[in-house]
Structure formats: C-alpha cells, structure tokens
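**Student:** Numbering (the working numbering), first residue to last: 31 to 140. Below is a structure I'd like to ask you about.
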C-alpha cells in the first residue's frame, strides 16, 4: 500500500499504519506508544527521494511532543520510522559517481 508508514523498534505496536492527510510524527507516535527503554530523542525516518535514493532523517520526539513545529515532521508515504533503544549513530554509506542510483544507503548489521 502506498499510503502507509512503517513503524519498528522500541514501540508497543510495530507495523504498517495508514498515513492520514497532514499526519505528523507526534500523531503517529504519541508518548504512550513507546516502550520504556525507547530513545525518544533519536528516532529515524527513512524516506525515498524523488530519484529513489534513501534519506535518513533524525527526529527528536520529545521536542515534537512539546510543540516544536520544526521537530514535528510531516510524514510522507512509505516512510519507515525506527525508534531505537540506545543511542547509535545512523550507519550509512554514500554512493557517488557513475552508478545507476547514487545516494545515501543504510548499512545493515551483520
């Protein structure tokens, strides 16, 4: 489904959610939907750009909950939201040059 967002990590109910018009991250993930060990200050949204490259956006949910409009991002179709249990830097690799899909890509563990 195109009009969904995926939620994973330290949340009570991971999975795919319907993306409602003008839905913000604070509406998708209010404080009561996070597990106690969740790092609300460091939530990641993986989203596709128009050229199909992947962009990782860091979000501070505590700021979003407190009404900070800059932190309370508007969600886009097919966003993948990850709530971490410990603070980790996003592991990415940047591909450039004469390749089919240059961009920033997440690096999977293992």
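Note that the Cβ used here is the ideal one computed from N, Cα and C, for glycine as well. These numbers were taken from a predicted model, which means no experiment stands behind them.
Cα-Cα, which of 96, 102, 79 and 80 is closest to residue 2?
**Tutor:** Since the first and last residues shown for the chain are 31 and 140, residue 2 lies out of range.
**Student:** From the DSSP output, which residues share a beta bridge with residue 89?
**Tutor:** For residue 89, which the question treats as bridged, DSSP gives the partners 73.
**Student:** Return helix, strand or coil for residue 65, following the three-state DSSP convention.
**Tutor:** In the structure shown, residue 65 sits in coil (DSSP, three-state: anything other than H, G, I, E or B).
**Student:** Using the DSSP secondary-structure output, state which residues sit across from residue 130 in a beta bridge.
**Tutor:** DSSP, once it has assigned bridges, lists no residue as partnering residue 130.
**Student:** The beta strand (DSSP E) that contains residue 125, what's its start and end?
**Tutor:** 122 to 125
**Student:** Is residue 109 closer than 7 Å to residue 75 when the C-beta atoms are compared?
**Tutor:** yes
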